[in-house]
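Numbering of the sequence shown is given in UniProt numbering, commencing with residue 1 and proceeding in unit increments. Here a beta-carbon is modelled for each residue, glycine too, at the ideal position from N, C-alpha and C. Quick caveat, the model's predicted, so the values are computed rather than measured.
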Amino acid sequence: MHAARRARLAGALREHEAAAALVTWPVNVRYLTGLASSNAAVLVTATGEAALATDSRYLETAQAVCSGVEVIEDRDVAGALLKRGPGAARVAVEADHMPVGLFQRLSAEHAGLNPAGGLVEAVRAVKDEGEIAALRRACAITGEAFSLVVERIAPGVTEREIARWLEAAMVELGADKPAFDSIVASGPNGSIPHHSPSDRPVERGDLVTMDFGARYDGYHADMTRTVAVGPPAAWQRDLYDLVRQAQRAGRHAVRPGATAHEVDAAARDVIAEAGHAGRFGHGLGHGVGLEIHELPFLGPGRTGRLEDRVPITVEPGVYLPGRGGVRIEDTLVTRGDGPELLTLTTKELLVL
């Protein structure tokens, strides 16, 4: 599995006319070798060979899990690999992740370093079936936690309590930990897309938006549901129905070959036609995997096309300052015969 990933990176290096890539970002090191650590780097050559450096804290683990990779013990992980690397040949380094100070130090010793953005991330965007299985389980845990917690939501409980319940339920159901800090926004707070849960008590007549996910085997789920506490007002039901319609349009546009702009527009146009163009300010979605936000990103100014087996979120929202908001989000995977939906929890408006 990891050898196949390194082979795909090697192909990208040949396209960029680089002799090797020095990978220092921990997520990318894990993706290419299987080693999760706070101090490791891997050098992958354009011919597919690889060497990994780490310190004594992770050495035994690296020797056990990094099949097909030469393992070197050294605390200066990047420097050690370059000393054994391809001489003065062009070596791509992670422009999005390597600190300036480290780049300057390494460049003084190796003239061939070349900042390159997103090389490994582009490879990571297309998932193998093992990765998709981990995401599928992360999403199942997320949905199970929602089903348990939603029954406890009632007037008087606070946003912070709901967030704690969701996160505890996910861990109890088998998650490594929450995929990110959960968002719970009730009543007027629902107009803030990334509201931090507060001590505001839920009131009868509120819409409550919950954006959360489980991390399982390192892979991150992402789901948002909005519920009503007590019978919803007409404007709340209309707003929910609009967002649900937009979300459905976005999901149906997800397919291999679709552009990031096209998928975003499928949902955004529905909201704009209803007169709420200015109330949907964020992008439609993003990739998920070993990080909660990965390539690709769906939005008005985004470029590129979706490929097969790319997990992506679709999360339109409409936010009305002082009143509240609605967001509905699913995680799905592009497939040639139609997207595979990983978050299966109902999108009917639940009235609690």
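Beta carbon of residue i nearer than 8 angstroms to that of residue j
i, j, result
"Thr-54", "Ala-64", "no"
"Glu-294", "Gly-287", "yes"
"Val-120", "Leu-32", "yes"
"Leu-135", "Ala-214", "no"
"Ala-4", "Ala-20", "no"
"Pro-155", "Val-351", "no"
"Ser-198", "Gly-322", "no"
"Gly-218", "Leu-290", "yes"
Own chain residues within Cβ distance below 8 angstroms of residue i, not counting five before or after
i, result
"Arg-251", "Val-314, Asp-330, Leu-332, Pro-339, Leu-341"
"Glu-144", "Ala-169, Leu-173"
"Gln-245", "Val-270"
"Asp-247", "Here the sequence assigns Gln to residue 247, which means Asp is not the residue at that position. If we look at Gln-247 and ignore the five residues flanking it on each side, its Cβ neighbours are Ala-267, Val-314, Glu-315, Pro-316, Ile-328, Glu-329, Asp-330, Lys-347."
"Arg-204", "Pro-155, Val-229, Gly-230"
"Arg-200", "Thr-158, Glu-159, Ser-186, Gly-187, Asn-189"
Cutoff 6 angstroms; reference residue i; Cβ partners in own chain excluding five residues on either side
i, result
"Gly-257", "Arg-305"
"Asp-206", "Ser-186, Gly-187, Val-229"
"Phe-180", "Ile-292"
"Ser-107", "Leu-113"
"Gly-117", "Ala-95, Asp-96"
"Thr-345", "Gly-143, Phe-146"
Selected residue, minimal CA-CA separation from residue i, among the options
i, options, result
"Cys-139", "Val-69, Asp-76, Phe-212, Arg-279", "Phe-212"
"His-276", "Leu-320, Pro-99, Val-69, Ala-4", "Leu-320"
"Pro-296", "Ala-163, Val-171, Val-126, Ala-154", "Val-126"
"Ala-175", "Asp-264, Arg-225, Arg-137, Glu-129", "Arg-137"
"Gly-68", "Arg-160, Ala-7, Lys-177", "Ala-7"
"Thr-334", "Arg-160, Arg-309, Val-29, His-195", "Arg-309"
"Val-123", "Val-27, Leu-242, Glu-151", "Val-27"
Residues that DSSP places opposite residue i in a beta bridge
i, result
"Ile-153", "DSSP lists no partner for Ile-153."
"Arg-225", "Met-210"
"Gly-285", "Leu-298"
Residues of its chain near residue i, where Cβ-Cβ distance is below 7 angstroms and the 5 sequence neighbours each way are ignored
i, result
"Gln-236", "Leu-207, Ala-228"
"Ala-253", "Glu-262, Val-263, Ala-266"
Rounded distance between the beta-carbons of residue j and residue i, thought under 8 angstroms
i, j, result
"Ala-78", "Leu-102", "7 angstroms"
"Leu-43", "Leu-81", "4 angstroms"
"Ala-51", "Glu-70", "4 angstroms"
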